[in-house]
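Down below is the structure, laid out as structure tokens.
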Amino acid sequence: MQIVIVGLGGQGILFSSKVLGDIAIKRGVNIIGSEVHGMAQRGGSVISHVKIGDYKSPLVIKEDADILLAFDQDEGVRNMDYLKRGGSALINVYKPERMENENLKRYIQEKDIKLYTIKGYDILKEHMGGNFLFLNVLLLGAMAKLGITDISYDELKESIKRLTPPKYVEHNLKALELGYNAM
Amino acid sequence: MGERRFLLGNEAIARGIVEAGCEVASAYPGTPSSEILPAIAKFADELNTKTVVEWGVNEKVSFEVAAVASFAGKRSVAVMKQVGLNVAADPLMSVAHFDIKGGFLVVVADDPGPYSSQTEQDSRFMAMFAKIPCFDPSSAKEAKEMVFDAFDLSEKFMIPVMLRPTGRVCHSRQDVEVKEPIGIKRPADFEKDWRRWVCLPAHVRINHPKLNRKRKEICNYFETLDKYNYEVPAKSGKALLGIIASGVSFSVVMDLIEKNNWDDIAVLKIGTPHPLPIKLVQNFIDKHERVLILEETYPVIEMQIHDRTKVMGRWNGFVPEAGELLPEKIESIVKKALGKAEETETKDHLLDAIKDLNITPKKPVLCPGCPHRASFFAIKKASPRSVVPSDIGCYTLGVNQGAVDIVICMGGAVTAGSGLFNAYKVDGKEIPVVSTIGDSTFFHMGIPGLVSAVYNKHAFVLAILDNLTTAMTGNQPTPETGYKLRKNDVGRQISLESVVKGCGVNFVKVVDAYDVSSGIEAIKEASEYAAKNQLPAVVIFRHPCMLIKDRDKIVRYPVSVNQQKCTGCRYCITSFFCPGLVFDEDKKKAYIDERFCVGCGVCEIVCPVKAIEVERG
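Protein sequence lines, in the order shown, are assigned to chains A and B.
Quick note on numbering: this note's numbering labels position 42 of the first sequence as 42, and the sequence is numbered without any gaps.
Position in the second sequence counted from 1, then plus 183, gives you this note's numbering.
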């Protein structure tokens, strides 16, 4: 299974790939991936690749990914060509009207892409005092509910507990649940 | 099988270093190498080893500290990025000639792309230049394994050894097996021997031919090192194309062969590009009608091949001479080599959508609340006509505010002030200059330039943007902080002001970077001082980086743009360039993007018509 996670620097993308890696380790399967550090992290476009299974290279090849997780909707659109035919995209939308673009809809239809959207910012504003740092875990929760991977809610919960600093565990689990219930 | 962990490539390398019994580790941070040293400290704490783990003030310092620890018999490592090795090139070239004692590993991380560097130079060429052996890992797992062999090789041939991962290895994550340290004992024992440890020209005349002999012997050793240099035969049994590949390019090619069912391709993997196991390579070339070479970033393997007539590579334009070899690029190169036509594009509608929606890759930008943004605003406001050279760090992103005119390399902001001063002095003219440099970069290489500027009486202003950390590379501590890496290890704090004064600077003023009015005043005063006294003047803009502040303790003021007052002039956008302050193209007004605004309130002073309102309660 190949997952591409995209967004902007500072949105907590690295934590999401860490969680997926932790789950693979627990399951005893091979995992390899790639992330971005340094200058590119400063608010710019960020992409993280996660490949579970017997792969050698850390990079997903375009039109080969099973799943695209987009923390930012424009980044999601820009990187949709990573998805293979029939792949699934979960996109955090901020300006939903932009997703109605005709050319975009045609591409999604032609490639048989299953598109799911979540209004992450609205949810976090309503339930978590507008703390957008929890967007990453929120999206993971939504992903679990959609069943687009075989990763279960409980696996995510256990892994997030293991990887989160103690003072944020409660918040992260709440965000996970919010994401799960939003779909 | 032992315990498996999901490690960053840099952590895998660090784990290998601790397991291999390395006892002295020194580094200067630089993407993509920065996570290695902190991980060495973390594993050393976990495994309870006595390893000394320290940030050097620059790469030359780190290289020499580690090299001489090896002279005393310890296994040691120096870690840096590719441009860091330029700084450490002096000791590298010299130490290569020595018969070193403890294993000495130089880890140099390259940045094809580049993603976070001023060059995408290939450090394997530096290994070749110094005539030392080099390992080129294709994955995190292999990088860890190579650490052990590199230390053994270093001790066997008494020569420094380079491990050259690229960013894709450093910042890949992979399940990696971890073990206990091998438990070697190498008590420090420096044996005095001036013939061995003093690089007199007379000794070089003996040592250089010896280095050449070592290189030959190591080359022979690499011919048989089939752990890292091996052939993967074509699945069909008959190869139409041979590919010689090293580093991540090898991994990518193997995944592409699997994906596309390319059964007619044989691959020769090279893990030791210098000295190249030439017999192995020549034999592979002889066996195949067509041979393609894939390596990053320069043609290091390619140029060591004597007869390249059959070879498709960079010499004949088959492989691009710049940039990262991304999977898509490699796929198209291999298809071309196989004589397959490119498939026609099927993603026209997506490209149209991206065009319709005007989506471009987001460029890096200073974080919301970054003190540098405020400092740049103050500098531009105080001295709008100045030339503003800057340096390597987050603050290079001051280009977004039109506040950066020149950046060369670490420390180059200070000497740029001198260069401009002298160029105009020849014509009997003066040019106002305000150079900016970060705290860590000032310690790294700013000091020599400042001493030189004082001594030679160069009039310009140097603004040190002191955010009390090395931010760009992941917030490593600077000598100002007293923080060290090993548990319970504390450093002696060094005052930046004292260092500046010690360089001979008499005008030193410290301001809080968030206090823009004081910043403007200080730059004006410093400029007057510099012009009047024909000497450099220093202003220190101090405020902690957003990323080291305690998130729970940050004071957040509600900020809004008064839509009635806003004239849509965009001054706040161009001069302040904050992700939290954006322009609505439909309404032609600025507004606060609550997703990114951190409520620092600094932008209040920016608006010429006072439309930005901050509730300071």
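Ideal Cβ positions, reconstructed from N, Cα and C, are used throughout, including at glycine.
These numbers come from a predicted model, not from an experiment.
Not flagged as an interface residue toward chain B: Asn-136(A), since no C-beta distance is shorter than 8 angstroms. In the three-state DSSP reduction, Ser-259(B) falls in the strand class (E or B). Counting the other CB atoms within 10 Å of its CB gives Glu-485(B) a total of 16 or more, which places it among the buried residues. With distances taken between CA atoms, Asp-438(B) lies nearest to Ile-32(A) out of Gly-10(A), Ile-32(A), Val-4(A) and Leu-20(A). Of all residues in the stretch 756-784 of chain B, the ones placed with a Cβ closer than 7 angstroms to any Cβ belonging to chain A are Pro-762, Glu-777 and Arg-778, in chain order. Taking Val-50(A) as the centre and dropping the five residues before and after it, the same chain places the C-beta of Ile-3, Ser-17, Leu-20 and Gly-33 closer than 6 angstroms to its C-beta, in chain order. By the Cβ neighbour-count rule, Leu-135(A) is buried, with 16 or more other Cβ atoms within 10 Å of its own. Chain-ordered, the chain A residues with CB closer than 7 angstroms to the CB of Ile-542(B) read Asp-74, Val-77 and Arg-78. Of all residues in the stretch 534-558 of chain B, those with a C-beta nearer than 7 angstroms to a C-beta of chain A are Asp-535, Ala-536, Ile-537, Asp-539, Leu-540, Ile-542, Pro-544, Lys-545, Lys-546, Pro-547, Val-548, Leu-549 and Cys-550, reading in chain order. Contact with chain A is found for Leu-580(B), since one of that chain's Cβ atoms lies less than 8 angstroms from the residue's Cβ. With its beta carbon at least 8 angstroms from every one in chain B, Asn-172(A) lies outside the interface. Taken in chain order, the complete alpha helix (DSSP H) segments of 4 or more residues contained in the stretch 567-650 of chain B are 595-609 and 630-638. If you check each beta-carbon in the stretch 84-113 of chain A against every beta-carbon of chain B, the ones closer than 7 angstroms belong to Arg-98, Asn-101, Asn-103, Leu-104, Arg-106, Tyr-107 and Glu-110. In its chain, beyond the 5 residues on either side, Thr-214 have a beta carbon closer than 6 angstroms to the beta carbon of Ser-299(B). Note that the C-beta distance between Ser-569(B) and Pro-631(B) is not below 8 angstroms. Secondary structure of Glu-514(B) (DSSP, three-state): helix.
Counted as a single uninterrupted DSSP element, the alpha helix (DSSP H) harbouring Asn-395(B) occupies residues 384-406. Between the stretch 220-229 of chain B and the stretch 196-203 of chain B there are three or more C-beta pairs closer than 8 angstroms, enough to call the two in contact.
Using a Cβ-Cβ cut-off of 9 angstroms, Glu-35(A) is close to Leu-191, His-354, Ser-355 and Arg-356 of chain B, given in chain order. For Ser-429(B), the enclosing beta strand (DSSP E) covers residues 424-429.
Assignment of Thr-117(A) by DSSP, reduced to helix, strand and coil, places it in the strand class. With respect to the 8 angstroms criterion, Leu-451(B) and His-280(B) are not classified as neighbours on the basis of their beta carbons. The three-state secondary structure of Asn-92(A), taken from DSSP, is strand. When the alpha-carbon of Lys-264(B) is set against those of Ile-283(B), Thr-232(B), Ser-306(B) and Gly-239(B), the nearest one is in Ser-306(B). Sequence-ordered contacts of the stretch 3-20 of chain A with chain B read Leu-8, Gly-9, Gly-10, Ser-17 and Lys-18 [C-beta pairs closer than 8 angstroms]. The DSSP-derived three-state label of Tyr-481(B) is coil. For Val-359(B) and Tyr-82(A), the gap between their C-alpha atoms comes out near 27 angstroms. Within chain A, not a single residue places a beta-carbon under 8 angstroms from that of Met-329(B); the smallest gap is close to 16 angstroms. Judged by DSSP in its simplified three-state form, Met-128(A) adopts coil rather than helix or strand. By the CB criterion at 8 angstroms, Lys-545(B) and Ser-45(A) fall inside the cutoff. Around Asp-74(A), the same chain offers no residue with a beta carbon nearer than 6 angstroms, after the five sequence neighbours per side are excluded.
Three or more pairs of CB atoms, one per stretch, sit closer than 8 angstroms, so the stretch 638-655 of chain B contacts the stretch 610-628 of chain B.
Shown here, Val-381(B) sits in coil according to DSSP, grouped into three states, outside any helix or strand.
Excluding the 5 residues flanking it on each side, Lys-362(B) has same chain C-beta neighbours closer than 7 angstroms at Gly-185 and Glu-202, in chain order. At a Cβ-Cβ threshold of 8 angstroms, Met-309(B) and Ala-252(B) do not count as neighbours. Counting the other Cβ atoms within 10 Å of the Cβ of Ala-586(B) gives 16 or more, which makes it buried.
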